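Numbering (our numbering), first residue to last: 227 to 727. The beta-carbon is built from N, C-alpha and C at its ideal position, and this holds for glycine as well. Since the structure is predicted, the reported quantities are computational estimates derived from the model, not experimental observations. Below: the structure, in structure tokens.
As structure tokens, then:
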């Protein structure tokens with residue numbers, strides 16, 4: 227039997243008032259973040275010193291000794307005070323969703339590197355390092371060391387660079403590496419081009435390299451770059467060797483990142499009983515986090531699916547547009563996702579940047595979601611290019627093929643491109659099929675591919691390519707559908723509002 231509540235109403239009111247904790251302001255959280263990191267850095271630098279021994283030439287006064295005795299806590303009392311403080315902090319934290327989110331993980335955005343998890347062990351490049359050889363200036367402008375990885379970013383300026391050539395990886399057989407003082411070599415794990423928009427002095431190409439983590443007690447390394455990416459071998463000097471030094475991260479250089487709890491649910495689609503229900507393959511779209519930059523915002527998210535008929539990397543979410551609360555279009559550009567699915571994981575990541583501008587929150591991000599579906603049957607059509615097909619020659623086909631119980635109209639073909647034997651087929655579907663992959667099972671291909679690009683739209687023509695090894699075999703040729711790209715129905719959108727100042 228429970229005991230009756232004999233507390234007076236006034237006491238209960240006072241307790242409720244004490245439990246009501248106001249939401250913390252963003253500047254308060256930022257200040258706590260900086261203090262957390264700064265104190266952690268100080269603790270790493272400072273050695274624990276024992277209490278100083280009594281000075282026999284300056285004996286303590288009896289009153290001081292008495293004060294020490296009066297204020298010395300017993301172990302039991304100390305534990306009780308600690309538990310009381312901990313309980314108070316938990317009450318405060320769980321009464322404020324913003325505090326819960328802030329304490330869950332401290333994330334920060336570093337330009338050129340991306341989102342990193344902040345901790346007292348976070349380190350960065352002490353200062354940029356610039357080396358000039360034969361009119362080529364190479365700058366190591368960023369390095370970030372976490373417990374999980376090491377990221378080094380370099381850029382270069384050369385009068386020989388031609389942006390019209392585009393960006394590509396060098397075909398060098400030697401990889402960049404970080405060499406530690408004890409001789410340990412950390413080979414590059416992955417590399418990617420990063421934007422130069424936020425770095426006016428970064429030059430023509432900016433490139434980020436990821437390595438394994440460097441031990442916490444190692445604060446220097448030598449970077450070896452056999453050849454620079456994005457330019458032909460021989461046009462720039464080879465075998466760059468640069469010494470790097472690292473120091474604890476300055477919290478003021480790290481942009482706070484807001485991380486969101488996923489709240490999205492799979493999109494459900496209904497239809498009349500006489501029509502099959504469209505398939506969404508268990509797909510779920512969510513907004514993960516955002517970073518407020520000096521010139522705008524970066525929004526990060528991902529899409530997952532559960533149906534194994536869609537392989538890894540087989541489902542994509544492409545941003546179709548952003549509108550504010552008044553229906554106005556908001557410009558955007560692609561940003562680096564900075565994350566990749568794990569082996570066999572049914573997930574894709576997305577990231578977009580919007581400029582700093584006036585708009586009415588919230589913003590609605592609308593996506594087009596499409597999936598590549600492998601076909602269980604082998605629908606096909608025939609094509610006869612004749613005995614001597616010429617570049618630029620076109621053929622009318624006008625055949626209808628049933629694919630996934632839907633009709634795909636194969637309209638025409640053209641020997642396109644600059645190489646003989648490559649044919650581009652124009653197709654169209656009245657359903658949600660927006661792309662396809664085809665193959666000639668009787669003849670080895672030189673190459674192939676789906677069509678289109680950008681935001682997929684139903685009922686518009688799409689293009690499918692297939693290349694033969696020359697000479698082109700004698701027709702008629704049978705082209706078989708291997709997979710189709712299907713636009714998933716439903717309202718694929720997320721909403722976002724910037725954090726209150």
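Beta-bridge analysis with DSSP links residue 709 to 600, 663. For residue 384, the secondary structure class from DSSP, reduced to helix, strand or coil, is coil. Pairing residue 415 with residue 438 gives a Cβ-Cβ distance under 8 Å. According to DSSP, residue 355 shares a beta bridge with 366. As the crow flies, the alpha-carbon of residue 548 is around 11 Å from that of residue 585.
Distance from the CA atom of residue 334 to the CA atom of residue 409, rounded to whole angstroms, is 32 Å. In terms of CA proximity to residue 471, 440 leads the group 465, 440, 633. No Cβ-Cβ contact shorter than 8 Å links residue 452 with residue 359. For residue 618, no pairing in a beta bridge is given by DSSP. Taking the Cβ atoms as the reference, residue 420 lies roughly 16 Å from residue 383, outside the contact range of under 8 Å. Rounded to whole angstroms, the gap between the alpha carbons of residue 695 and residue 647 is 6 Å. Boundaries of the beta strand (DSSP E) around residue 578: 573-581. For residue 516, the three-state secondary structure derived from DSSP is strand. Rounded to the nearest whole angstrom, the C-alpha separation of residue 690 and residue 374 is 42 Å. Residue 576 holds the alpha-carbon nearest to the alpha-carbon of residue 564 among 461, 576, 571, 572. Here the alpha carbons of residue 713 and residue 544 stand approximately 11 Å from one another.
Per DSSP, reduced to three states, the secondary structure at residue 671 is strand. Comparing alpha carbon positions, the residue from 528, 684, 580 closest to residue 658 is 684. In terms of CA proximity to residue 642, 620 leads the group 626, 582, 620. Cβ atoms of residue 594 and residue 540 stay farther apart than 8 Å, at about 15 Å. With a cutoff of 8 Å on beta-carbon distance, residue 688 and residue 705 are scored as not near each other. Around the CB of residue 589, 16 or more other CB atoms lie within 10 Å, so the residue is classed as buried. The beta-carbon distance between residue 570 and residue 529, rounded to whole angstroms, is 16 Å. This is too long to meet the 8 Å contact definition.
Residue 708 and residue 664 have their C-alpha atoms spaced approximately 5 Å apart.
DSSP places residue 452 outside any beta strand (DSSP E), giving it a letter other than H or E.
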